[in-house]
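For reference, the structure is listed below as structure tokens.
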Amino acid sequence: MGLAHTMEVAVGAYILGTVIGVMGAYGKLYGGPVTKDLMAVYTTCVRAIPELIEILILFYLVPEVVNQVLTGMGYGRIDLPPILVGTVVLGFVLGAYMTEVLRGAILAVPHGQVEAARAYGMSALQVARRVTLPQMLGYALPGMANLWLNLTKDTALLAVIGFNELTETSLQAGGTTKAFMLFFTAAGVLYMVISVASGRLFAMAERWARRGQPGIRGGGI
Numbered sequence: 001m002g003l004a005h006t007m008e009v010a011v012g013a014y015i016l017g018t019v020i021g022v023m024g025a026y027g028k029l030y031g032g033p034v035t036k037d038l039m040a041v042y043t044t045c046v047r048a049i050p051e052l053i054e055i056l057i058l059f060y061l062v063p064e065v066v067n068q069v070l071t072g073m074g075y076g077r078i079d080l081p082p083i084l085v086g087t088v089v090l091g092f093v094l095g096a097y098m099t100e101v102l103r104g105a106i107l108a109v110p111h112g113q114v115e116a117a118r119a120y121g122m123s124a125l126q127v128a129r130r131v132t133l134p135q136m137l138g139y140a141l142p143g144m145a146n147l148w149l150n151l152t153k154d155t156a157l158l159a160v161i162g163f164n165e166l167t168e169t170s171l172q173a174g175g176t177t178k179a180f181m182l183f184f185t186a187a188g189v190l191y192m193v194i195s196v197a198s199g200r201l202f203a204m205a206e207r208w209a210r211r212g213q214p215g216i217r218g219g220g221i
């Protein structure tokens with residue numbers, strides 16, 4: 001159960017963080033002055049403050065904000081599922097790091113190709129879909145893989161708020177049976193399996209993203 005919760009939160013947070021990262025990267029590169037300033041504040045603050053503090057703040061802030069909005073609309077307060085709050089919190093934190101990874105990958109795409117696409121009359125969306133995104137993926141995947149591996153381990157931080165993920169489950173099992181070494185070793189092995197399997201998948205994805213680029217091979221983790 002703990003492993004299932006860990007993977008559910010990690011996958012959900014990674015998807016949310018990637019969406020935030022894409023919007024943040026394009027906002028920092030092509031947005032207006034206000035958008036660029038907001039993105040700069042977001043990425044700077046999130047990366048400067050320890051993740052444990054951010055998790056504690058956001059874990060209690062997100063439900064409170066949601067309930068204030070609901071009560072303002074005339075609805076009653078609700079208790080948000082911890083798995084949902086944990087996913088949103090980790091996704092928000094991941095989004096700041098993903099923004100910088102994707103921003104660097106976009107900048108790595110040859111600017112002449114972007115200018116050529118614009119000269120052909122492509123819209124900004126068409127340039128992103130046909131030129132920028134396909135080419136930046138190969139540059140972004142190594143960093144995205146590292147963020148995924150960090151995220152799977154960061155789910156353990158949710159134990160401080162009582163979320164029943166893999167580390168918290170191992171702690172509870174060890175406390176019940178007094179076999180802490182056994183259960184924490186098993187948890188470590190499971191984290192290692194996740195890392196190795198994820199590394200292989202990301203290596204395959206990188207080779208696919210870099211297809212057609214001579215002399216470049218996708219790496220592994």
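Per the numbering used here, numbering through the sequence shown is continuous, rising by one, with the last residue being 221.
Ideal Cβ placement from N, Cα and C applies to all residues, glycine included.
Only counting the same chain, and skipping five residues up and downstream in sequence, which positions put a Cβ closer than 6 Å to that of residue i?
{"i": "S170", "result": "F183, F184 and A187"}
{"i": "I221", "result": "Interpretation of I221 is limited by its pLDDT of 49, a score under 50 that renders its predicted location unreliable; no figure is taken from the coordinates."}
{"i": "E165", "result": "G2, H5, T6, T155 and L158"}
{"i": "G17", "result": "G91, L94, G95 and M98"}
{"i": "Y139", "result": "A105 and A108"}
Can you give me the start and stop residues for the alpha helix (DSSP H) that residue i sits inside?
{"i": "S170", "result": "L166 to T177"}
{"i": "R47", "result": "P33 to A48"}
{"i": "I106", "result": "P82 to A108"}
{"i": "R207", "result": "F180 to A209"}
{"i": "F59", "result": "E51 to G72"}
{"i": "G17", "result": "G2 to Y30"}
{"i": "L149", "result": "L133 to D154"}
{"i": "R118", "result": "H111 to A119"}
{"i": "A124", "result": "A124 to V127"}
Given a threshold of 16 other Cβ atoms within 10 Å of its Cβ, counted over all protein chains shown, does residue i qualify as buried or as exposed?
{"i": "Q135", "result": "buried"}
{"i": "V19", "result": "exposed"}
{"i": "A179", "result": "exposed"}
{"i": "A197", "result": "exposed"}
{"i": "F202", "result": "buried"}
{"i": "E64", "result": "exposed"}
{"i": "Y120", "result": "exposed"}
{"i": "L107", "result": "exposed"}
{"i": "V131", "result": "buried"}
{"i": "L61", "result": "exposed"}
{"i": "Y191", "result": "buried"}
{"i": "G74", "result": "exposed"}
{"i": "I15", "result": "exposed"}
{"i": "A48", "result": "exposed"}
{"i": "I55", "result": "buried"}
Leaving out the 5 sequence neighbours to the left and right, which residues in its chain are closer than 7 Å to residue i when beta-carbon positions are compared?
{"i": "L137", "result": "A209"}
{"i": "V22", "result": "L102"}
{"i": "T167", "result": "A156, A159 and A187"}
{"i": "F59", "result": "V85, V89 and I161"}
{"i": "L147", "result": "L94, Y97, M98 and V101"}
{"i": "V46", "result": "E54, V93 and A96"}
{"i": "A13", "result": "T87, L90, G91, L94 and L151"}
{"i": "P82", "result": "F163"}
Below 8 Å CB to CB, which residues in the same chain sit around residue i once its five sequence neighbours on both sides are set aside?
{"i": "G24", "result": "M39, Y42, T43, G95, A96, M98, T99, L102 and R103"}
{"i": "I78", "result": "V66, N67 and L70"}
{"i": "Y30", "result": "A124"}
{"i": "L52", "result": "L157 and V160"}
{"i": "Y26", "result": "I106 and A128"}
- Item | Cβ pair count under 8 Å reaching 3, the segment 162–181 against the segment 107–116 | Touching, no, given that fewer than three Cβ pairs across the two stretches are closer than 8 Å.
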